[in-house]
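Peer 1:
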Amino acid sequence: MWLLLKYTLLYAAVLTLVAMGGMFSERSGVINIALEGIMVIGGLMGVVMINILNAAGVPVPIGIVLTIIAAGAAGAAYSSLLAFSAINLKADQTIGGTALNLLATAVAMVIAKRINGSDSPKITYSTNTNAVLNSSNFSFQVGPLTLNYFLLVTIAAIAAAWFILYRTRFGMRLMACGEHPQAADSVGINVYKMRWAGVLMSGVLGGIGGMAYIVPAVGDWNFEMGVAGMGFLALAVMIFGQWKPLNIAGAALFFAVFRAMANIFDSIPFLASLGWPKEIYNMMPFVASMVVLAFTSRKSRAPKAEGVPYDKGSR
Amino acid sequence: MKKKISMSGFGSLLASLVCIAVGLLVGFIVLLVLGAITSAQSGGAGQSFGELLKVTWEQGFKPILHGGFYAKANTMGMGVRMEILQAAPLIMTGLSVAFAFKTGLFNIGAAGQYTVGAFFALFSAIVLKLPWWACLLASALGGAIWGAIPGLFKAFLNVNEVITSIMFNWVGLYAVNTIIYQGGTGPMFNLKTTKTFTLKECAPQSLLPTFNVNVGDKPYFGKLFTPTIGIFIAIALAVAIWIVINKTTFGYELKACGFNKNAAKYAGINEKKSIVLSMIISGALAGVGAGLFYLSGSKEWEPLVSTALPAMGFNGISVALLASSNPIGCIFSALFISHITVGGGFMYAKLFPTEVADIISGVVIYLCAFSLLFKTFLAGRKKKMASQPAPDKNGKEADA
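Chains as they are written, first to last, in the numbering used here: chain H, 8 to 322; chain A, 29 to 428.
1. From residue 56 of chain H to residue 143 of chain H, what does the alpha carbon distance come to, in whole angstroms?
2. How many Å lie between residue 263 of chain H and residue 291 of chain H at the Cα?
3. Taking 6 Å as the limit between beta carbons, can you name the residues of its chain near residue 303 of chain H, skipping five residues before and five after?
4. Beta-carbon within less than 6 Å of residue 180 of chain H's beta-carbon, same chain only, minus the 5 sequence neighbours each way: which residues are those?
5. Quick check: the stretch 60-80 of chain H against the stretch 120-131 of chain H, are there 3 or more CB pairs under 8 Å?
6. Determine the direct distance from the alpha carbon of residue 22 of chain H to that of residue 250 of chain H, and round the result to whole angstroms.
7. Helix, strand or coil: how does DSSP classify residue 249 of chain H here?
8. Are there 16 or more other CB atoms within 10 angstroms of the CB of residue 249 of chain A, so buried, or fewer, so exposed?
9. Residue 121 of chain A CB to nearest chain H CB: under 8 Å?
10. Restricting to Cα atoms, I'd like to know which of H:104, H:92 and H:49 is closest to residue 80 of chain H.
11. What residue range does the beta strand (DSSP E) around residue 146 of chain H cover?
12. Judging by CA-CA distance, which residue of H:307, H:217, H:283 and H:252 is the nearest neighbour of residue 76 of chain H?
13. Taking 8 Å as the threshold (C-beta atoms), are residue 379 of chain A and residue 361 of chain A in contact?
14. Over what stretch of residues does the beta strand (DSSP E) that includes residue 130 of chain H continue unbroken?
15. Near residue 240 of chain A, what residues of its chain come up, given a Cβ to Cβ distance below 6 Å and the 5 sequence neighbours on each side ignored?
16. When burial is assigned at 16 or more other CB atoms within 10 Å of the CB, is residue 174 of chain H buried or exposed?
17. Using the three-state DSSP reduction, which class does residue 224 of chain A fall into: helix, strand or coil?
18. Can you give me the C-alpha to C-alpha distance between residue 289 of chain H and residue 11 of chain H, rounded to a whole angstrom?
19. So, is the C-beta of residue 290 of chain A closer than 8 Å to a C-beta in chain H?
20. Does DSSP put residue 425 of chain A in a helix, a strand or coil?
21. Spatial neighbours of residue 59 of chain H within its chain, please: CB distance less than 8 Å, with the 5 preceding and 5 following residues excluded, ordered by chain position.
22. Please confirm if residue 113 of chain H has its CB atom under 8 Å from at least one CB of chain A.
23. For residue 316 of chain A and residue 265 of chain A, which I take to be in contact (beta-carbon distance under 8 Å), what is that distance rounded to the nearest angstrom?
24. Do you know offhand how far residue 167 of chain A's Cα is from residue 258 of chain A's?
25. Can you say whether residue 72 of chain H is buried or exposed, counting buried as having 16 or more other CB atoms within 10 angstroms of its CB?
26. What residue does the alpha helix (DSSP H) around residue 9 of chain H start on, and which one ends it?
27. Using 10 angstroms around the beta-carbon of residue 338 of chain A, count the other beta-carbons present and answer buried if the total reaches 16, otherwise exposed.
28. Run the CB neighbour count on residue 44 of chain A, radius 10 Å, all protein chains shown included, and call it buried at 16 or more, exposed below.
29. May I ask you to list the residues that DSSP assigns as paired with residue 246 of chain A?
30. Can you tell me which of the three DSSP states residue 77 of chain A falls into?
31. Between residue 55 of chain A and the ligand ZN, is the CB less than 7 Å from at least one heavy atom?
32. Going by DSSP in three states, residue 101 of chain H sits in which element: helix, strand or coil?
33. Note down, in chain order, all residues in the stretch 192-207 of chain A with a beta-carbon under 7 Å from any beta-carbon belonging to chain H.
34. Taking CB distances under 8 Å as the criterion, tell me whether residue 298 of chain A reaches chain H.
35. State yes or no: is the beta carbon of residue 293 of chain H nearer than 8 Å to at least one beta carbon in chain A?
Shown next as structure tokens:
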């Protein structure tokens with residue numbers, strides 16, 4: 008049971024971070040379907056940094072902070088490609104996002120293969136000793152429960168997101184740009200700037216989320232599979248959470264239980280006795296998300312102006 | 029979410045060519061950087077920029093540009109055959125996405141429909157031992173079923189087709205892997221090779237017929253490398269889709285629905301039916317693509333290692349965008365994508381990972397996303413405002 012809790016919290020943290028990333032972007036009016044790609048780039052940067060800092064012998068606590076910052080920065084940098092095309096060039100946001108998803112996997116494969124100097128896109132970031140920075144340093148024990156530092160980041164991020172969105176001038180302005188950009192512009196808010204901010208924030212959260220998905224759970228990662236649809240699942244979490252931080256956290260927990268079962272079903276006697284193949288459990292979060300969306304989407308309320316490029320000149 | 033492409037054919041072509049040129053340029057720069065890193069690592073500081081350029085050109089960029097025709101790999105027409113082999117399913121997935129675009133839908137689920145289509149084709153071949161044309165029809169049916177789901181979700185439950193397609197991509201992949209593998213006991217699964225049984229051995233009747241051409245007095249393709257007629261089927265279907273979209277009432281209705289759902293409804297078109305039908309046809313096209321590929325007998329499904337969605341489905345998006353959703357254009361853009369992908373495989377892999385070709389096509393789609401900008405720019409600044417279509421407000425309410 009502790010194992011189920013461990014993985015549920017792990018995936019809930021990932022989904023919350025990434026879905027809140029999507030939330031900031033969509034609240035500002037930009038559909039961010041590129042979350043999957045942003046996660047890949049963030050995760051790649053995270054594990055590459057782990058190996059670099061490991062080799063450099065950086066102390067573990069500093070290394071943890073630095074790698075998380077690097078993952079967020081990489082995500083932000085990559086998301087700026089989306090921001091540029093969607094905001095400045097007024098491109099179709101869904102297509103731009105799809106392109107970035109494809110590009111991310113290709114880039115990650117090329118980089119991973121070159122780092123390995125071989126045909127394998129698998130990067131290893133675990134070592135036998137805990138004295139130097141590696142994947143196991145990101146977890147810690149609380150009694151029988153294994154937690155990881157990304158959970159702390161997530162809790163802080165939820166609080167910060169709630170505060171920013173509902174209690175700051177910036178948050179109000181951001182939401183105004185997603186609802187009615189013309190009105191926002193008329194009172195002197197720079198819509199382009201706010202949307203850039205929204206997308207970059209989603210990049211930071213998505214990048215960290217990508218690392219949170221890859222690093223604490225396993226010691227090596229095959230970048231051929233990207234992040235296995237986790238970014239898209241986060242989109243469903245965001246919709247289910249109605250673009251609100253606290254609801255998103257709740258929705259993420261719900262989906263995370265399903266996702267966690269794929270990891271540990273064979274160690275739970277009841278599930279193991281069913282004898283279902285692993286793929287069924289892999290499928291579950293996606294099926295669950297469709298069932299949920301089917302029932303909730305009729306009264307779902309997306310930010311009104313999302314997906315519509317803002318053109319100062321148009322009326 | 030909807031891209032209305034109503035530019036002149038010439039403008040679209042020019043914009044696509046610009047996208048390709050920039051994409052190739054980016055690819056060349058990536059290769060150059062990879063080459064430079066390698067020479068720096070191996071301590072080859074003495075290597076001049078000229079030498080670096082030469083290595084990048086000879087071992088990286090030249091194979092990509094030459095594609096299947098790259099000399100060393102093209103013994104007995106092998107490279108060209110591979111290119112044709114991949115182009116056929118690419119045309120189909122491209123058509124799938126293009127058809128959906130024309131009817132106002134973004135079918136990002138071609139990958140899932142392709143997967144299910146592949147399963148249907150292989151099942152009909154290996155288990156049911158049907159002839160090839162029946163297997164192709166089965167693959168169309170599989171794709172159609174998987175395409176119908178997002179259509180139904182959109183029409184009746186108001187869930188955006190992009191979200192549904194993405195989710196069902198993964199559901200389809202996991203389902204197909206499970207059914208084929210079945211813990212090693214699946215009737216289609218060969219325990220020795222950990223793949224599905226090869227069609228050549230267990231279902232030769234399901235293999236697509238092959239053809240050969242004579243160059244001079246010698247056949248161009250070696251005996252083992254004769255390409256299938258899949259490419260001709262794909263081209264014929266592309267023409268058929270062009271006719272359906274442009275010359276029939278049925279196609280007009282589907283298009284009208286994509287332009288303005290409410291107006292179409294007012295004009296007496298059943299918009300729910302149209303959405304579902306569009307997705308069914310779109311899915312069937314992607315399914316046939318998988319049929320054309322897997323019934324060629326040159327690759328088997330590997331349920332244990334297929335953890336990623338087939339790239340063919342997503343490359344279909346590149347094909348469609350590059351072709352500005354023109355079915356005939358899809359033929360040429362599919363040939364291009366197949367060309368650079370096959371070429372990517374011929375690069376000196378130690379230096380240049382094959383995925384550089386994917387980077388090129390990724391950059392090309394990224395550019396296509398705002399190719400409208402190119403087009404308006406090319407069309408001259410005076411017409412700038414007039415030719416920029418207003419954002420589609422109707423697409424909005426559908427966003428789940």
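Beta carbons are placed, not taken as given, at the ideal position from N, Cα and C, and that holds for glycine.
Peer 2: To lay it out plainly:
1. The residue labelled residue 56 of chain H in the question sits at position 49 within the first sequence. The residue labelled residue 143 of chain H in the question sits at position 136 within the first sequence. The straight-line gap from Cα to Cα measures roughly 15 Å.
2. If you number the first sequence from 1, residue 263 of chain H lands on position 256. If you number the first sequence from 1, residue 291 of chain H lands on position 284. One C-alpha to the other measures close to 11 Å.
3. What you label residue 303 of chain H is simply residue 296 of the first sequence in a count that begins at 1. Nothing meets the Cβ criterion.
4. Taking the first sequence and counting its residues from 1, the one referred to as residue 180 of chain H is at position 173. Answer for residue 180 of chain H: 196 and 201, listed in chain order.
5. no
6. On the first sequence, residue 250 of chain H is found 243 positions in, with the first residue counted as 1. On the first sequence, residue 22 of chain H is found 15 positions in, with the first residue counted as 1. Using only the alpha carbons, I get a separation of about 13 Å.
7. Working through the first sequence from its first residue, we reach residue 249 of chain H at position 242. Three-state result, residue 249 of chain H: coil.
8. For this step, residue 249 of chain A is matched to residue 221 along the second sequence. Burial call: buried.
9. Start at 1 with the first residue of the second sequence, and residue 121 of chain A comes out as number 93. No, residue 121 of chain A lies away from the interface with chain H (no Cβ there is under 8 Å from its Cβ).
10. For the purposes of this step, residue 80 of chain H is taken as the residue at position 73 of the first sequence. Per the Cα distances, H:49.
11. Here residue 146 of chain H is taken as the residue at index 139 of the first sequence, counted from 1. 146-149 is the extent of the beta strand (DSSP E) around residue 146 of chain H.
12. Position 69 of the first sequence, counting from 1, holds the residue named residue 76 of chain H. The candidate whose alpha carbon is nearest that of residue 76 of chain H is H:217.
13. Residue numbering aside, residue 361 of chain A sits at position 333 when the second sequence is read from its first letter. Residue numbering aside, residue 379 of chain A sits at position 351 when the second sequence is read from its first letter. Cβ distance not < 8 Å, so residue 361 of chain A and residue 379 of chain A don't count as in contact.
14. Along the first sequence, read from residue 1 onward, the residue named residue 130 of chain H stands at position 123. That run of the beta strand (DSSP E) goes 129-131.
15. Reading the second sequence from its first residue, position 212 is the one you call residue 240 of chain A. So the list reads 247, 249 and 254, once near-sequence residues are dropped.
16. For this step, residue 174 of chain H is matched to residue 167 along the first sequence. The residue in question, residue 174 of chain H, is exposed, as its Cβ has fewer than 16 Cβ neighbours within 10 Å.
17. Here residue 224 of chain A corresponds to residue number 196 of the second sequence, with the count starting at 1. Strand.
18. Working through the first sequence from its first residue, we reach residue 289 of chain H at position 282. Working through the first sequence from its first residue, we reach residue 11 of chain H at position 4. Distance between the alpha carbons of residue 289 of chain H and residue 11 of chain H is about 15 Å.
19. For the purposes of this step, residue 290 of chain A is identified with residue 262 of the second sequence, where counting begins at 1. No, residue 290 of chain A does not count as interfacial toward chain H.
20. In the second sequence, residue 425 of chain A corresponds to position 397, counting from 1. Its pLDDT being 38, under 50, residue 425 of chain A is placed unreliably by the model, and the measurement read from it follows with that caveat. Note: residue 425 of chain A maps to helix in three-state DSSP.
21. Locating residue 59 of chain H in the first sequence gives position 52, where the first residue counts as 1. Excluding sequence positions up to five before and after residue 59 of chain H, its CB lies less than 8 Å from no other CB in the same chain.
22. Taking the first sequence and counting its residues from 1, one reaches residue 113 of chain H at position 106. So yes, residue 113 of chain H belongs to the interface.
23. In the second sequence, counting from the first residue as 1, residue 316 of chain A sits at position 288. In the second sequence, counting from the first residue as 1, residue 265 of chain A sits at position 237. 7 Å between Cβ atoms; contact.
24. Here residue 167 of chain A corresponds to residue number 139 of the second sequence, with the count starting at 1. Here residue 258 of chain A corresponds to residue number 230 of the second sequence, with the count starting at 1. Distance between the alpha carbons of residue 167 of chain A and residue 258 of chain A: 13 Å.
25. Start at 1 with the first residue of the first sequence, and residue 72 of chain H comes out as number 65. Result: exposed.
26. The residue given as residue 9 of chain H occupies position 2 in the first sequence. Residues 9-34.
27. Here residue 338 of chain A refers to the residue found at position 310 of the second sequence. Answer is buried; the Cβ neighbour count reaches 16.
28. To locate residue 44 of chain A, count along the second sequence from 1; it is residue 16. It counts as buried.
29. Translated into the one-based positions of the second sequence, residue 246 of chain A becomes position 218. Residue pairing from DSSP places residue 246 of chain A in a beta bridge opposite A:243.
30. The residue labelled residue 77 of chain A in the question sits at position 49 within the second sequence. Helix at residue 77 of chain A.
31. Judged by which ligands are present, the structure shown has none, so any question about the ligand ZN falls away.
32. Residue numbering aside, residue 101 of chain H sits at position 94 when the first sequence is read from its first letter. If DSSP states are grouped into helix, strand and coil, residue 101 of chain H belongs with the helices.
33. 192, 194, 195, 198, 199, 202, 203, 205 and 206
34. Translated into the one-based positions of the second sequence, residue 298 of chain A becomes position 270. Not one chain H Cβ lies under 8 Å of residue 298 of chain A.
35. For the purposes of this step, residue 293 of chain H is identified with residue 286 of the first sequence, where counting begins at 1. Yes, residue 293 of chain H counts as interfacial toward chain A.
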